[in-house]
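Take a look at the structure below.
Numbering (this note's numbering), first residue to last: 724 to 1012.
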């Protein structure tokens, strides 16, 4: 009985791609902090609600992709027969609904934007295998996470979460174009990789003086990590997709840290370090893609 429970739990963790959840939490933390922070209770609700939306999106991703996975990725839970497609549909819609419900307690703006995010999640999952611009939909999903987090801050939604969310969205677009090579073979175009540098460009443009010095430090770390992950693409035009994409996904935490670097107290910097380490640790046991 215990062994069966462990197997089922492991299966659900794989379907939910929970190794990426620390990057979702860092998105929420950065957007919330850029809007003045506030009460821990609201932050907890924000984290729970957005985590549920993310998890629902990941379940729906497998449900929508079942036919494709049957041909290309037969080891995935549905084509391997470990779980039925109908069950995955139920989990996906259930998590999505729970996320929207939780965010209703954050505020009216968060609730309304949760519906927008949920719609983007569904559209992406339904269309990402058939349209070439799907990476932009993925970027939009992460953008709305920042904006929702901004509404939870005590200062309300301002320009910080919007601009930093846009920079993260561009990073995710570049990452997603690389990730497409997991399913569609061929050389990786170099132009999307330039989008991975968008957060660095924005940080150096928006900050001056001491604030820019702080941004330079985190920018250097993000730049080196991105180069390390994407080096194979620049070198040969090809990619070891799983390893490269997993590393770039973990790099989302560095993007979030860069967003708040000019006003980042030590405890917050430490939290981002923990989230980055947690992402890499979880990826050792649960596939990130």
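From the three backbone atoms N, C-alpha and C, an ideal C-beta is built for every residue, glycine too.
Identity of the residue in the options nearest residue i by Cα
| i | options | result |
| --- | --- | --- |
| residue 865 | 887, 986, 878 | 887 |
| residue 821 | 863, 950, 774 | 774 |
| residue 801 | 734, 965, 989, 834 | 734 |
| residue 772 | 919, 750, 793 | 750 |
| residue 884 | 826, 925, 971 | 925 |
| residue 768 | 729, 892, 833 | 833 |
| residue 743 | 992, 974, 858, 994 | 974 |
6 Å CB neighbourhood of residue i in its chain, flanking five on each side removed
| i | result |
| --- | --- |
| residue 930 | 938, 985 |
| residue 778 | 739, 818 |
| residue 736 | 1009 |
| residue 766 | 755 |
| residue 761 | 876, 877 |
Residues near residue i by beta carbon distance below 7 Å, same chain, minus five either side
| i | result |
| --- | --- |
| residue 786 | 808, 811, 812, 815 |
| residue 998 | 745, 748, 749, 976 |
| residue 944 | 977 |
| residue 921 | 890, 893, 894 |
Nearest-angstrom Cα separation, counted from residue j out to residue i
| i | j | result |
| --- | --- | --- |
| residue 846 | residue 759 | 32 Å |
| residue 890 | residue 902 | 19 Å |
| residue 731 | residue 806 | 9 Å |
| residue 824 | residue 874 | 16 Å |
| residue 935 | residue 946 | 15 Å |
| residue 966 | residue 952 | 8 Å |
| residue 726 | residue 796 | 26 Å |
| residue 709 | residue 788 | Residue 709 is absent from the structure shown; the chain starts at 724 and stops at 1012. |
| residue 981 | residue 995 | 10 Å |
| residue 961 | residue 764 | With a pLDDT of only 49 at residue 961, under 50, the local geometry of the prediction cannot be trusted, and the value read off the model is given with reservation. Approximately 45 Å between the Cα atoms of the pair. |
Boundaries (first-last residue) of the alpha helix (DSSP H) holding residue i
| i | result |
| --- | --- |
| residue 1013 | No statement about residue 1013 is possible, as the shown extent of the chain runs from 724 to 1012 and does not include it. |
| residue 922 | 921-929 |
| residue 784 | 763-787 |
| residue 848 | 831-850 |
| residue 1016 | This structure gives no information on residue 1016, because the portion of the chain shown stretches from 724 to 1012. |
| residue 866 | 857-875 |
| residue 892 | 882-902 |
| residue 809 | 808-827 |
| residue 975 | 975-983 |
| residue 917 | 914-917 |
Own chain partners of residue i with C-beta closer than 8 Å, once the 5 adjacent residues on each side are dropped
| i | result |
| --- | --- |
| residue 1000 | none |
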